[in-house]
Every structure is written in structure tokens, then in C-alpha cells.
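Enquirer: Submitted below is the structure of interest, expressed as C-alpha cells.
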Amino acid sequence: MIDLLLFNATNGLIIGAFYALMAIGLSLILNLSNVINFAHGGFLVIGAYLSYSLTPYLGFWGALIVAPFLTAAIGFLVERLLIRRVYGRDPLYSLLLTFGLAFIIEDGTRQIWGALGKPTSIPAFLSKPLSYQFFFITGYRLFMVAIVVLAIAVLFVLLRYTRAGIRVRAGTLDLETVAALGINIRTLRSLNFAIGIFLAGLAGVLASGQLGLEPTMGDGLLMPSFIAIIVGGVGSLNGTLLGGLMIGVAAGLTAVVFPSASDAIMYVIMAIVLLVRPRGLLGEEGMLT
Amino acid sequence: MKKSIHSLTPDRRTILKGAAAVGALQIASPFVIPVWAADAVKIGIANPLTGTYAATGKNEQIGMQLAAEQINAKGGILGRKVELLFEDSTSGDAGTAVQKTRKLIERDRVNFLVGNVNSALAQAMAQVSNEKGVLHIVPGGHTDPITGKDCKWNVFRVCNTTRMEANAVSTLLFKTYGKKWHFITPDYAFGHTLYQGCEANLKKLGGTVTGNELTPLGITDFSAYLIKARAANPDVLVVLVQGNDMVNCLKQISQFGIDKQIHIAGTQQELEAVEAMPPEARVGVWMFEWYWKQAASQPGLDQFIAEIRKKSGGKVPTARTWFGYVTIHSYALACAKAKSIEAKTVAKALSDMELPPEVKLQPNKVFFRGGDHQLMLSAFIGQLNSKGDGDPENLFKVNSVVAGESIAPSIADTGCKMQMPA
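Here the protein sequences line up with chains A and B, keeping their order. Under the working numbering, think of the first position of the first sequence as 1, with each following residue one higher. Under the working numbering, think of the first position of the second sequence as 290, with each following residue one higher.
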């Protein structure tokens, strides 16, 4: 039993790291642009399909690098053409817009790549367990965690030490003042949106190594990301990271004792956090009124 | 607080409400292909064209279209042209399915109703068709009650019941692979009845269940369940999830190397799912409800494969394509036999009607059992073929083709008390 719990806790951390990657992208966009991006799962799917189409030409590694950048480019265009028109309006507009966008992306990918799932393979040396006993720790899953850690580390460094990153952080706290200081917040928001979508694209490429690639693949991954943000606290990237890991571990542990509740446990945690600490675990009070 | 233009923020409640709405993503827009003509026999189809079951729904659609073309080329039904009216039922929203069914019956006045891939939606549609007295064939929803305790005079089914699926593989698995079974079961009607069937068979044979992992529909990560399953050390890991869940589960099983330690098996397997898996994940013993590559030659089979290839971008037919094909042909055959399109007369003609070789496309007798309106179709039992043995399209090695009659429970056991109207 102890073994089982330990196994599942470790396993939960692996899954949680993945949730966190997606949630941080969502969180970036939400913090600076106040847009709740329902199409985030759609961008994840775009990233996954792009890497599927690129793999024959670039190989697994080439596609892993190129696909997220292409996804980010699409995200950049979408922000320029659509998303920016709803800034400053009632949040309902951006909800409706991104909600519609999610449908368009889902059926768009179905039109382009077909409704039937696509077989995706990963390099053989990654698709093996590391040891007989710890069979659930495969090379690929470790690799996923490493990429997630790397991506998040790079992001945090960017946010802390680069001019643009500092502006993004400042904008999260008070966009009006940042604008008043002469910073072009239009460009800042486009860039920030593209980075968020880059993370979604990366998550998509990584996910397609483990999951079946089909147009609705992003749906099941979007919800945990939202919950990670709410649990961790809106406005705090550290909180989002913590939230993602927490629900991953909780879902893993619940699967040991009460498997059919392993999905529901995320909502239970969210409900408790909202009751006890409505701003989220690391959220700052008043970030979102 | 007055909000300035830059700090207009969504409040937490909006985020929560929005998050709740995300579940509705799979509900999609209406999609109609109207084909009109005077005096045609209209067939209304409410089946998934979007969402999780879009791929299977689409394949059923292709099969139906082929059948309708063939029927029209031979003079239609009783000299009247056949027209198909497709509606997107969505993959999981019973409300939409019922609304589309009512629209087909009340506004389009269809003579015959078809649907649904999703068992729950099929059941909801059957309520409506029964109330309206419209003949209805369920091409691909498997849960038992449709031709069991909820059977109706106007409702027939082409695909297997879950009990037939369980019966098809249980004895073979027990004899070949061992008596300790662990299950991974989707947590809804289809999974529950399928598990009950397997469990009952296993107990009868003297085996034991080491555990049953009930997994939420649409779950992406099976690792937690697989950790538990391996710890229980069973002889066989029986995977009952379907569709994309099946793809995810088998992909993870193969990456964890579990297929090298425990026998992997299951009941229903579909070509749509297998095609979406990488070669290394194509493992285990399964049952297909129909398979295109058959040992003995069947009249019309080669032509069927060739026609479907033309319609599906070169792909071979799947069991789903066959379901759609059989559904429309069965209706036309029954009308011809009854010399009428009146629902009750056609229903009587369809009861105990045997399918001709060019429609059944398989060995054994295939017929709609009169007592429960269930089609007695063969079960194709065999192993997944990871590389296709020289033919990349041949992903399943059929070991035996078992007659439907031999795996179906008796009518008394189905719980069906069929009452045909006078």
C-alpha cells in the first residue's frame, strides 16, 4: 500500500508538471490581458498536429522545436486580428470570442487532418521504462518533465531579468501606469500572448507522444489547467505551478483508494480553496475583483 | 470601484462560470445536408458528426451513403427514390439528439429513423421514435437494454450487445491466458454492462477478479490505474475503454512495458482506434464486430471494399462502415419483403429476416432475432497485428469467426418482452 501511494505520488508529480506547463501559458495571458483563453486547448491541438505533419521532414526533435514556434506565430496573428479587439471590453466578450475560437479550431483541425486519430510515435529509446520496478517512469515521461522544468525556468528568467519580462510583470500589477510610462502595451500584449501560446504548442507536442492525437485532445487537458490557476491563485505564476503539481498528485493518490473519483478530486480541492481562501493559495488579494 | 479601460478585469466568478462552460465545448453547431424530391422514401439519421464519436459517426455515414446509392441504382424502395437526411446529434448531448430526432420525424416526416453511436443517445432517440411509431434501427450503440429490458416493437439493432461481446472472448481468454483478471472499465452505461457480462462469465468459469478500475470517460492519463493493475498481478489485463480512451490506454500500456508482463485483452476493438495507435501499441486479444480481411471469400466483399475505398479517401471499411451499410440495406430489404413502407408492416418483415450474402459480407447466418430485434452478427476474434504482416492496412489477425447466435444470451436472459402492435 505504501509502495502504491509513493508510486502514485511520484506519478502525480509527473502529470502535475504537465498541467502546470499548460496552466502557466493560460495564466500569462490572463494576467496581462485579462483574457480567459478558452481556445488554449485548441492551440495545444494545433501544436500537436503541426508536429505530426512536420515529423516526416524534420524528425521528432526538429518538430519538437519548430512546432511550438509555429503555434506561437499563429497565436500572434490571432491576437493581432481578433483578441486585441476585445481588450477593455466586458470580460464576456473575450469569453465568447475564445469559446467560439475553440470550436473553430476543433472543426478546423478535423477538416484539415480528418476526424480519425493519427498515430504518433516517439523515439524508441525514450519509450521504455527506466527500471522494472519503476515501470511508470519511462524515458519519455522524464524527458517531458525535464522540458517542462526547462521551459518554466527560461520563462521565469525572462520575466525577471529582461526588459520585456519586467514590463510584463509590471503590467500584470498595473497596466495603466505601465502605459503611462510610455511603454507600448499593444506590442507587449501581443508578445505575451504569443509566449502563452508557445507553451500551449509545446504542451501539445509533448502530449501527443503519450496520448492519441485527435481534434478533441485538448479538451481533457484544459479543465485541469483552469483549476490549477484557480487553486494557485490568479495573478501568481508560482501559484499556478503549485496548483498544477498539487492537483496532479491529488488525482494520483485518489486513484489508489477511489479510482472513479480521481477526476472529481480536482473540483473538490478547488471548492475547498475557494471556500477557505478565495484568492487562491498564492494569489494576491484584489488581483481580480 | 470605477474600472478604467486597462484594468477592466474578469472577476473570479466569471472565470468559474466560464470554466463550467468549457465542458460544453463538445456540443457543436447544427449540420444538415438537405436532399429534397417529391415522393421519395426519406431516411432520417441523427448520428455524431462532431465530438469524440465524429470518426465513428462519419464511417457509419459513408456506409449508409453507399447503401443508398446501390439501392437507388436498382430502382429504389418499391420504385421510390431513397433520400438520406443527416443531422449531427453531437457525441454526448441527449437533449440535442432528441431535438434532432423530433425535427426529423415531425418536420421532415421521415419514414425511417437511424441512430446512434452513443448508447445513451440511442436510448433517448428510441423513446421518441417509439412514441411517434417510426421504425428505428440503432446501427452502433452497444448497451444491453436497447434490445433487452427496454426493447420496443419499432427498434432494431445492428451492432452487438455488450453481453455478446463479453461472451465472445471470455472462454478463450480464460483457457489461453489464465484465471485472474483485472479490468479497466469506462465509468458509464456501456462499461458497466460490459464489465458485468465479463465478470459473470469469469465467475462461472471459476476465475477471480483482482480489481476493476472505473475510469472517467475521456480521461487522458491511465498511469495511476495501470500502477494499481500491475500491483495486483493478474494474468490478464482486460481493457474495456473505447475510442480515444483506448488509444491513450494502450499507448501508455506499451510505453510502460506492461504488455510484456501481463496479457492484454479486451472485448470490443475498433479499426478506427487501432489506426490511431503507433505500431508498438497494437497489442492484445480482441473482438471485432466485422473485419474486412477475411479468410474465406465472401460474395460482394471485394466490391464493398473497393466502393468504400472510393468514398473514404482510399481507406478500408471498418465495422462502423459495415453497420451503416447493413442498416440501410436491411430497411430496404424489409420494405421489399413487406411490399410497404408502413412502420408496423416493415417491423414484422424485419423480425427474423436473414441478411443475404452481399449484405452480410461474412460467414455464418446473420439475422434479426424476432424475440429482441437484435442482429445476430458474427464475432471476429483474434490478435492485433502491430506491423500488418506485409500489408500495412491489415492490423488484425482473425483467428476465428463465431456465429452471433452462439454468443447471444437467450431471449429470456436479455429481459426483453417484445410486444408487437396488432
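C-beta: ideal position from N, C-alpha, C; glycine also.
#1: Consult DSSP for glycine 165 of chain A and reduce its assignment to one of helix, strand or coil.
#2: What are the boundary residues of the beta strand (DSSP E) that includes methionine 642 of chain B?
#3: Can you confirm whether tyrosine 19 of chain A, when its beta carbon is compared against all beta carbons of chain B, has any partner nearer than 7 Å?
#4: With 16 other CB atoms within 10 Å as the buried threshold, where does glycine 364 of chain B fall?
#5: Output, in chain order, the set of chain A residues within a Cβ distance shorter than 8 Å of proline 606 of chain B.
#6: Measure the Cβ-Cβ separation of valine 655 of chain B and histidine 618 of chain B and say whether it is below 7 Å.
#7: Look up glutamate 502 of chain B in the DSSP assignment and say whether it is helix, strand or coil.
#8: Helix or strand or just coil, what does DSSP make of valine 273 of chain A?
#9: Relative to the ligand COA, is the shortest distance from any of its heavy atoms to the C-beta of threonine 450 of chain B smaller than 6 Å?
#10: Straight-line CA distance for glycine 532 of chain B to glutamate 214 of chain A?
#11: For a contact defined as C-beta to C-beta under 7 Å, what are the partners of serine 27 of chain A on chain B?
#12: Identify, in the order they occur along the chain, each residue of the same chain with its Cβ nearer than 6 Å to the Cβ of leucine 503 of chain B, setting aside the five sequence neighbours on each side.
#13: Is the Cβ of leucine 116 of chain A closer than 7 Å to any Cβ of chain B?
#14: Of the choices B:Gly486, B:Val458, B:Leu374, whose alpha-carbon is the least far from that of methionine 576 of chain B?
#15: Name the DSSP beta bridge partners of proline 475 of chain B, please?
#16: Roughly how many angstroms separate the alpha carbons of serine 418 of chain B and threonine 634 of chain B, rounded to a whole number?
#17: So glutamate 349 of chain B contacts chain A; which residues on that side make the cut at Cβ distance below 9 Å?
#18: Closer than 9 Å between beta carbons: that is the criterion. Which residues of the stretch 542-553 of chain B meet it against chain A?
#19: Asparagine 533 of chain B CB to nearest chain A CB: under 7 Å?
#20: Quick check on this structure: which residue in B:Ala565, B:Trp611, B:Lys517 has the alpha carbon closest to the alpha carbon of alanine 255 of chain A?
#21: May I ask you to list, following chain order, the residues of the stretch 368-389 of chain B that have a beta carbon less than 7 Å from some beta carbon of chain A?
#22: Excluding five sequence neighbours on each side, which residues of the same chain lie with their C-beta closer than 8 Å to the C-beta of lysine 600 of chain B?
#23: Go through its chain and collect everything with a Cβ distance to isoleucine 542 of chain B's Cβ below 8 Å, but skip five positions before and after it.
#24: Can you list, in chain order, the residues of its chain with a C-beta nearer than 8 Å to that of valine 563 of chain B? Leave out the 5 residues immediately preceding and following it.
#25: Taking Cβ to Cβ, would you say glycine 248 of chain A is nearer than 7 Å to isoleucine 2 of chain A?
#26: What are the start and end residues of the beta strand (DSSP E) that includes leucine 373 of chain B?
#27: Would you give the residue range spanned by the beta strand (DSSP E) that histidine 425 of chain B belongs to?
#28: Going along the chain, which unbroken runs of the alpha helix (DSSP H) with 4 or more residues stay wholly within the stretch 195-253 of chain A?
#29: Would you tell me roughly how many angstroms separate the C-alpha atoms of aspartate 534 of chain B and glutamine 558 of chain B, rounded to the nearest one?
#30: Go through its chain and collect everything with a Cβ distance to glycine 196 of chain A's Cβ below 6 Å, but skip five positions before and after it.
#31: In the structure shown, what three-state DSSP assignment does arginine 89 of chain A receive?
#32: For isoleucine 105 of chain A, name the three-state secondary structure that DSSP assigns.
#33: Just the C-alpha distance for glutamine 587 of chain B and isoleucine 594 of chain B, rounded to the nearest angstrom, thanks.
#34: For glycine 352 of chain B, report the span of its alpha helix (DSSP H) as first-last.
#35: If you run the structure through DSSP and keep just helix, strand and coil, what is isoleucine 122 of chain A?
#36: Between which two residues does the alpha helix (DSSP H) harbouring methionine 22 of chain A extend?
Expert: Looking at the atomic coordinates:
#1: helix
#2: Premise fails: methionine 642 of chain B is in no beta strand (DSSP E) and is neither H nor E.
#3: no
#4: exposed
#5: Those do not exist, as proline 606 of chain B stays about 13 Å from chain A at its closest Cβ, beyond 8 Å.
#6: no
#7: strand
#8: helix
#9: This structure lacks the ligand COA; in fact it carries no ligand of any kind.
#10: 11 Å
#11: Those within 7 Å of serine 27 of chain A in chain B number zero; the least Cβ separation is about 11 Å.
#12: Thr474, Asp476
#13: yes
#14: B:Val458
#15: B:Thr504
#16: 16 Å
#17: Near glutamate 349 of chain B there are no residues of chain A at all, since even the closest Cβ is about 12 Å away, more than 9 Å.
#18: Ser543, Gln544, Phe545, Gly546, Ile547, Gln550
#19: yes
#20: B:Lys517
#21: none
#22: Ile351, Gln354, Leu355
#23: Phe511, Leu515, Leu526, Val528, Asp548, Ile553, Ala570, Val572
#24: Arg571, Leu673, Leu684, Phe685
#25: no
#26: 371-377
#27: 424-427
#28: 219-232
#29: 12 Å
#30: Gly25, Leu28, Ile29
#31: coil
#32: helix
#33: 11 Å
#34: 343-362
#35: coil
#36: 2-33
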